[in-house]
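These protein sequence lines map, in sequence, to chains C and E.
For what it's worth, the working numbering labels the leading residue of the first sequence as -5, then goes sequentially.
For what it's worth, the working numbering labels the leading residue of the second sequence as 150, then goes sequentially.
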Amino acid sequence: MKNVFKHGAITSEFIGNSIYKHQSKTSIGAHNVFLGQVRADTINYKQVTAIEYSAYEEMANKKFHEIREAAFEKFELTCSHIYHSIGKVGVGEICLFVFVSAPHRKVVFEAIEYLVERIKKEAPVFGKELFEDETHVWKVNN
Amino acid sequence: MTIHILYFGLIAEAIQCSKETLEIGNDTSIKEIKQILSKKYNVLKNLSYQIAVNQKIVESSHKITMNSEIAILPPFAGG
């Protein structure tokens, strides 16, 4: 089972390199990328400085695999990749990178939404929103 | 029979425990596990969570088998 988790933020170098690696796959005509970024929310007059992610990693990796497989069945995709942060990610940094590629553009728009919505809803990933004063609240997806 | 329980996120924080082994009767259902855990950890009564058995979310009628891995999962926050 592929490990989707990466420690800390997902860097722009990593994202750029992932795109570069697909240049050899010349049946691809369209990529689409979703990047989740940690937002500096204000909660009870305090600003979030980072999110510390934890997960039920074994189950999450299985779930990410299942979601990817379902996307391949549903859409005509050439490639699909998911990376999620584990550990601390500062505001403004990237915590989720979803990347889909296909011969033609239309499916990549639909596929990315399908993948991201299922990840948010079904992956057992937990997030602690940290404040400057070292207190925290637990984040919940809508 | 023996089961292994894992706690995550705000649940683990609230009960100050991330894993433990419990002895329960045969044919215990998820609903009964919830009652056992609520008795052990009063705070659980006020928290919302789902339960996974061997890494699959299950309904409250699900019966637990020996050596199962039970995970107590608070609301998800991925992405």
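Note that the Cβ used here is the ideal one computed from N, Cα and C, for glycine as well.
Taking buried to mean at least 16 other C-beta atoms within 10 Å of its own C-beta, is N216 (chain E) buried or exposed? exposed
Is the shortest distance between the beta-carbon of Q165 (chain E) and the beta-carbons of chain C less than 8 Å? no
Would you list the one or two residues that DSSP bridges to C89 (chain C)? Paired residue(s): none; C89 (chain C) is not in a bridge.
Excluding the 5 residues preceding and the 5 following K68 (chain C) in the sequence, name in chain order all residues of the same chain whose CB lies nearer than 8 Å to its CB. A105, Y108
Are the C-beta of L193 (chain E) and some C-beta of chain C separated by less than 8 Å? no
With K114 (chain C) and I45 (chain C) assumed to form a contact (beta carbons below 8 Å), what rounded beta-carbon distance in angstroms separates them? The pair is not a contact, with the Cβ atoms about 14 Å apart (cut-off 8 Å).
Counting only beta-carbon atoms, is Q204 (chain E) nearer than 8 Å to chain C? yes
Could you pull the start and end residues of the alpha helix (DSSP H) that V110 (chain C) belongs to? 99 to 116
Cut-off 8 Å between Cβ atoms - residues of its own chain near H59 (chain C), not counting five sequence neighbours on either side: M(-5), K(-4)
Measure the C-alpha to C-alpha separation of A24 (chain C) and P97 (chain C) and round it to an integer number of angstroms. 6 Å
Through-space distance from K180 (chain E) to I200 (chain E), alpha-carbon basis: 10 Å
Considering only DSSP beta bridges, list what F120 (chain C) is partnered with. C:S48
Which residues, in order along the region 35 to 62 of chain C, keep a beta-carbon less than 7 Å from a beta-carbon of chain E? S48, Y50, E52, M53, K56
Coarse secondary structure for S210 (chain E), derived from DSSP in three states: coil
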